[in-house]
Each structure stands twice: as C-alpha cells, then as structure tokens.
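> Residue numbers (the numbering used here), protein chains in the order written: chain A, 1 to 175; chain B, 1001 to 1175.
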C-alpha cells in the first residue's frame, strides 16, 4: 500500500471557519478581508487590531476541539483509508494545548483511524511517504513523494503545485 | 547534519523507575522481579495481581510528567543537539493523556530542544533519518538508518543489535 500523509488544519479541519465563528461569538463585527490572506496566513484577514488576539486563541485549550470538519472529508477519508496507508500528520507541537484536543477531535469524527496512524510533530521534514496533502508549501520541504496543495484563501496565489480544491477532488484523483 | 531519532520512554525517561516509585507510594510492597521482564515489557516484573493496575496508570494524567531523567541524558543530549539534527520521537499516541505531560517534561528538562524537534506518533515507520536510538526493536521496523538498542531489563535477551548501555556510551560513540 502506498503511504499518504494528510494534514489536519485547513485540510481536514476548517480552522479558519472555527476562528471566525469564535470571533463573532465574542461580539466582534469587524470585516474578514479574504484578499489579505494570500501569501501569508488567514490570520491576516482579521482586522489588524484583533490579529494578536486571534493568534493567542490558537493557544487556548478547546479551540481545536470544536472545529468544523471540511466538507466530504469524512466520507473520502474513510475510502482512502481502505486503499492507502494513511497517516494524519499535524504540526501541532507549536500549540501545546492543542494536542489532546486534536486527538479527541480525530477520535470523534474519524473513528476508523487508529492511533497508530496519527502524528503530531513540529517539522514535517521528519516524515516520509508517497503522497503529501497539505495547505502550506513549507511542509513540502524535503518531501520526496508527490505533493498536493490543498487550496485555501491563504495559498490561492501560489503556483507550481498540483492542487486539491476539495475532498471531492481528492476522491477523483485517489479513488 | 545527520539526523538522529531518539526515543523517550526507557531511553530519555526512566519510565519503569517512575512506575516503581508510584507503586511504592501507593503502599504496595510486592517484589519487582526483573527476571520476568525480558522478552516482553517491564510491566511483567510487577506482581501479577497488580499488572493491570500498573498498565492502567500509564493512562493517568500526570504519570509521564514526573518521570526521572536517565543518568547523563541531559548533558549528552545538549552536546548531540549541537552536532546532529536531533528529533525526539515518542510513540505517545496510545496514551492520550501523556501528550501534554511529555511536552511539559521535555520543556522542563531539555529546554534547549525546540518544538520543531519533537514528534508524538503511533507507528515509528513514518519517520526517517540516519540514526535511531530506541529500547523497542519493533520501532526499528522499516527504518533504513543505523539502529541502536538502548539497553533495559526488558530487552536484555535480545541479540543482533548494536547497543547503548548508557548515555555515557552514546557520548563515546556519537561525540
């Protein structure tokens, strides 16, 4: 079986969507400017005076526990998991409180994935495999397999990579 | 720089020692039989009627937070970290409550290691590098670099591997 390495945030989990929901729930009504996200992170789309607060919330316990799942991800992942040696690899180590939240989130929404298939790391240069699906090109550094950039506002201007625009796309290519 | 992959439990952390200390602190006076550990796990050295309890304690929050550090590990690791591309790779995913504890433990005792160098996984088949130091031969499966078995009671009868009997040994070989 070929090994497929799949990212969590902005690929399986709608991290930006979860943050916007939280931001609104705090009562903030600032405009989210999607045109400011490319070339950096989606955090740049929040009003400038709230970006530090948004960034800080990534470190709060619970944030990663309640993120929405990306459309079609569960169904496609379940099929991929039968055909490929799937590993979920998240650069979670920067956010110490996210570790347990991410594990619980995976167990809730993807109960067919076993703990043997999960990896929380810092640098993804440590993992190897045949395919990598990620929204951040820096995670492709040194990866020798085939790379697929999962599309989001923050990477929309990047060229030179094969893309997955959705999990439906992933199903067409890999299943 | 060559990449070195180093295990935590029974290599950096004296997990068995921490468990024995906890066991005694509960008031149990059963004999620890080191002759029963080889070929399996150190858990087999505890009185049979307490093995399930000992196993269960691995899942408790806090257990991995307070483990003793192996002798000379901090000093040697600090030097290795200057000469090698060190990654700490722990198969921690089986124990969900250990994740934050292990991260806090590493930050306390090994503050010179950055979060980019840390990996919590299930199967170590996902990582690649030039050297792997581990106490469990199953973690060497599929690893293409050079393997060093870190000695403990539980692996004392295994033959056919280069061994590190201590961190002093590691210093002699790698520094």
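For each residue, glycine too, the CB sits at the ideal point set by N, CA and C.
Chain A beta carbons: is any one of them nearer than 8 Å to that of residue 1067 of chain B?
Position 67 of the second chain, counting from 1, holds the residue named residue 1067 of chain B. Chain A contact via Cβ: absent.
> Based on DSSP bridge pairs, tell me the residues matched to residue 132 of chain A.
As a first step, residue 132 of chain A is located in the first chain; it is residue number 132 there, counting from the start. In DSSP, residue 132 of chain A forms a bridge with A:5, A:147.
> Would you verify that the beta carbon of residue 93 of chain A is, or is not, closer than 8 Å to some beta carbon of chain B?
Within the first chain, residue 93 of chain A is the residue found at index 93, counting from 1. Residue 93 of chain A counts as touching chain B.
> Going by DSSP, name the residue or residues bridged to residue 118 of chain A.
On the first chain, residue 118 of chain A is found 118 positions in, with the first residue counted as 1. Per DSSP, A:88.
> Counting only Cβ pairs nearer than 7 Å, list the residues of chain A close to residue 1117 of chain B.
What you label residue 1117 of chain B is simply residue 117 of the second chain in a count that begins at 1. Going along chain A in sequence order, the residues near residue 1117 of chain B (Cβ under 7 Å) are 122.
> So residue 1086 of chain B contacts chain A; which residues on that side make the cut at Cβ distance below 9 Å?
Locating residue 1086 of chain B in the second chain gives position 86, counting from the first residue. Correct list: empty, because the minimum Cβ distance to chain A is about 11 Å.
> Where does residue 1127 of chain B fall in DSSP's three states?
As a position in the second chain, residue 1127 of chain B is number 127, starting the count at 1. Here residue 1127 of chain B sits in strand by DSSP.
> Using three-state DSSP, classify residue 1066 of chain B as helix, strand or coil.
Here residue 1066 of chain B is taken as the residue at index 66 of the second chain, counted from 1. Reduced to three states, the DSSP call for residue 1066 of chain B is coil.
> Determine, for residue 96 of chain A, whether the minimum Cβ-Cβ distance to residues of chain B falls below 8 Å.
Within the first chain, numbered from 1, the residue matching residue 96 of chain A stands at position 96. Yes, contact with chain B.
> Kindly say whether residue 126 of chain A, judged by its beta-carbon, lies nearer than 8 Å to any beta-carbon of chain B.
Along the first chain, one-based indexing puts residue 126 of chain A at 126. It does: the Cβ of residue 126 of chain A has a partner Cβ on chain B nearer than 8 Å.
> Whose C-beta lies closer than 6 Å to the C-beta of residue 1138 of chain B among residues of the same chain, with five residues either side of it excluded?
For this step, residue 1138 of chain B is matched to residue 138 along the second chain. If we look at residue 1138 of chain B and ignore the five residues flanking it on each side, it has no Cβ neighbours.
> If you follow the beta strand (DSSP E) that residue 1163 of chain B is in, where does it begin and where does it stop?
To locate residue 1163 of chain B, count along the second chain from 1; it is residue 163. That run of the beta strand (DSSP E) goes 1162-1164.
> Is the separation between the beta-carbon of residue 1099 of chain B and that of residue 103 of chain A shorter than 8 Å?
Locating residue 1099 of chain B in the second chain gives position 99, counting from the first residue. Locating residue 103 of chain A in the first chain gives position 103, counting from the first residue. Yes, they are a contact pair.
> I'd like to know whether the C-beta of residue 99 of chain A is nearer than 8 Å to at least one C-beta of chain B.
Position 99 of the first chain holds residue 99 of chain A. Closer than 8 Å: yes.
> Determine the contact status of residue 1113 of chain B and residue 1134 of chain B, defining contact as a CB-CB distance below 8 Å.
Walking along the second chain from the start, residue 1113 of chain B turns up at place 113. Walking along the second chain from the start, residue 1134 of chain B turns up at place 134. No.
> Distance, Cα to Cα, residue 1034 of chain B vs residue 1042 of chain B?
Indexing the second chain from 1 puts residue 1034 of chain B at position 34. Indexing the second chain from 1 puts residue 1042 of chain B at position 42. Each residue's alpha carbon lies about 8 Å from the other.
> Is it true that the CB of residue 1140 of chain B sits closer than 8 Å to the CB of residue 1105 of chain B?
Position 105 of the second chain, counting from 1, holds the residue named residue 1105 of chain B. Position 140 of the second chain, counting from 1, holds the residue named residue 1140 of chain B. No; because the gap between Cβ atoms is not below 8 Å, this pair is not in contact.
> Using the beta-carbon count (16 or more within 10 Å), is residue 7 of chain A buried or exposed?
Here the question's residue 7 of chain A lines up with position 7 in the first chain. Buried: at least 16 other Cβ atoms inside 10 Å.
> How would you label residue 155 of chain A, buried or exposed, when you count the other beta carbons within 10 angstroms and need 16 or more for buried?
One-based indexing of the first chain puts residue 155 of chain A at position 155. By the neighbour-count rule (16 or more Cβ atoms within 10 Å), residue 155 of chain A is buried.
> Could you say if the stretch 1158-1167 of chain B and the stretch 121-133 of chain A meet the contact criterion of at least three C-beta pairs nearer than 8 Å?
The stretch 1158-1167 of chain B, when compared against the stretch 121-133 of chain A, does not touch it at the 8 Å Cβ threshold.
> Can you tell me the Cα-Cα spacing of residue 17 of chain A and residue 52 of chain A, whole angstroms?
On the first chain, residue 17 of chain A is found 17 positions in, with the first residue counted as 1. On the first chain, residue 52 of chain A is found 52 positions in, with the first residue counted as 1. About 17 Å.
> Would a check of beta-carbon distances place residue 80 of chain A closer than 8 Å to chain C?
Although the question refers to chain C, the structure presented lacks it and instead comprises the protein chains A and B.
> Would you call the CB atoms of residue 1199 of chain B and residue 1030 of chain B closer than 8 Å?
In the structure as shown, chain B starts at 1001 and stops at 1175, and residue 1199 of chain B therefore has no counterpart that could be examined.
> Could you tell me whether the Cβ of residue 1136 of chain B comes closer than 8 Å to any Cβ of chain A?
What you label residue 1136 of chain B is simply residue 136 of the second chain in a count that begins at 1. No, because no Cβ of chain A sits closer than 8 Å to the Cβ of residue 1136 of chain B.
> Since residue 58 of chain A meets chain B, which of its residues come closer than 9 Å, beta carbon to beta carbon?
The residue you call residue 58 of chain A lines up with position 58 of the first chain. Going along chain B, no residue has its Cβ under 9 Å from residue 58 of chain A, so there is no contact; the nearest lies around 13 Å.
> Can you confirm whether the stretch 72-92 of chain A touches the stretch 1079-1089 of chain B when touching is taken to mean that 3 or more C-beta pairs between the two stretches lie within less than 8 Å?
Because the criterion of three Cβ pairs below 8 Å is not met, the stretch 1079-1089 of chain B and the stretch 72-92 of chain A do not touch.
> How far does the alpha helix (DSSP H) with residue 1138 of chain B in it reach, from first residue to last?
Here residue 1138 of chain B refers to the residue found at position 138 when the second chain is read from its first residue. First-last for residue 1138 of chain B: undefined, no H or E at that position.
> Less than 8 Å separating the beta-carbons of residue 119 of chain A and residue 1076 of chain B?
Stepping through the first chain from its first residue, residue 119 of chain A is reached at position 119. Stepping through the second chain from its first residue, residue 1076 of chain B is reached at position 76. In this structure, residue 1076 of chain B does not lie closer than 8 Å to residue 119 of chain A by Cβ.
> Can you give me the C-alpha to C-alpha distance between residue 3 of chain A and residue 15 of chain A, rounded to a whole angstrom?
Here residue 3 of chain A is taken as the residue at index 3 of the first chain, counted from 1. Here residue 15 of chain A is taken as the residue at index 15 of the first chain, counted from 1. For residue 3 of chain A and residue 15 of chain A, the distance between alpha carbons rounds to 25 Å.
> Let me confirm a value: residue 1175 of chain B is counted as buried when at least 16 other C-beta atoms fall within 10 Å, else exposed. Which label applies?
Against the second chain, residue 1175 of chain B aligns to sequence position 175. Exposed, since its Cβ has fewer than 16 Cβ neighbours within 10 Å.
> Sort A:82, A:81, A:142 by Cα distance to residue 1129 of chain B and report the nearest one.
Locating residue 1129 of chain B in the second chain gives position 129, where the first residue counts as 1. Comparing Cα positions, the closest option is A:142.
> Return yes when the Cβ of residue 9 of chain A is within less than 8 Å of the Cβ of residue 62 of chain A, no when it is not.
On the first chain, position 62 is the one that residue 62 of chain A refers to. On the first chain, position 9 is the one that residue 9 of chain A refers to. No, they are not a contact pair.
> So, is the C-beta of residue 149 of chain A closer than 8 Å to a C-beta in chain B?
Position 149 of the first chain, counted from the first residue, corresponds to residue 149 of chain A. It does not: the Cβ of residue 149 of chain A has no partner Cβ on chain B nearer than 8 Å.
> Please tell me whether residue 1103 of chain B has its Cβ less than 8 Å away from any Cβ of chain A.
The count along the second chain starts at 1 and reaches residue 1103 of chain B at position 103. So yes, residue 1103 of chain B belongs to the interface.
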